[in-house]
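>
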Amino acid sequence: MTWFWVFLGGGIGSLLRFGIGKISILKFGNFPLTTLFANVLASVCLGFIFWMSAKYGKYEWYWPFFAIGICGGFSTFSTFSMENVQLLQSGNYMFAIINVLASVVLTGLAFYLFAKLPQ
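Count the sequence shown with numbering that gives the first Met the number 0 and you get residues 0 to 118, in order.
#1: If Ala109 and Ser13 are in contact, beta carbons under 8 Å, what's the gap, nearest whole angstrom?
#2: According to the neighbour-count rule (16 or more other Cβ atoms, all chains shown, within 10 Å of its Cβ), is Pro117 buried or exposed?
#3: Keeping to the same chain, check which residues put their C-beta closer than 7 Å to that of Ser74; ignore five residues upstream and five downstream.
#4: Which one or two residues does DSSP pair with Phe73 in a beta bridge?
#5: Could you work out which residue in Val84, Ala101, Pro31, Tyr61 is closest to Cys44 when comparing CA atoms only?
#6: Hey, how far is the Cα of Trp50 from the Cα of Gly56?
#7: Which two residues bound the contiguous alpha helix (DSSP H) that contains Met93?
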């Protein structure tokens, strides 16, 4: 039954990611802000789910549905990688460096802050 929760959550996460990409209100020149936003938001959600699991325990469907499915389908390392290569190929070296640093720092910080909410 676990596969079902991963499948369902992954579909929902992927649709949410697709929707954010279509809204495209997060534009800043050539900087891929939409992907950064999606990955930070997924890290916030994963941190919160991690905190909830530590506090209340991992339920049979809870972790596969939210953490693996929704967060996995919503976040996108492959798009992050592709956009960095595109930035480098177009000569936007500074944006590529900023994107890598911002993504690593912000997603890590977002997860940490929400995983360490008060018990």
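Even glycine gets a Cβ: it sits at the ideal position worked out from N, Cα and C.
Here the structure is a predicted model, which is why all the values come from computation and not from measurement.
Quick look at the numbers:
#1: Not really, about 20 Å apart at Cβ, beyond 8 Å.
#2: exposed
#3: Ala37, Asn38, Ala41
#4: None; Phe73 has no bridge partner.
#5: Tyr61
#6: 9 Å
#7: 92–114
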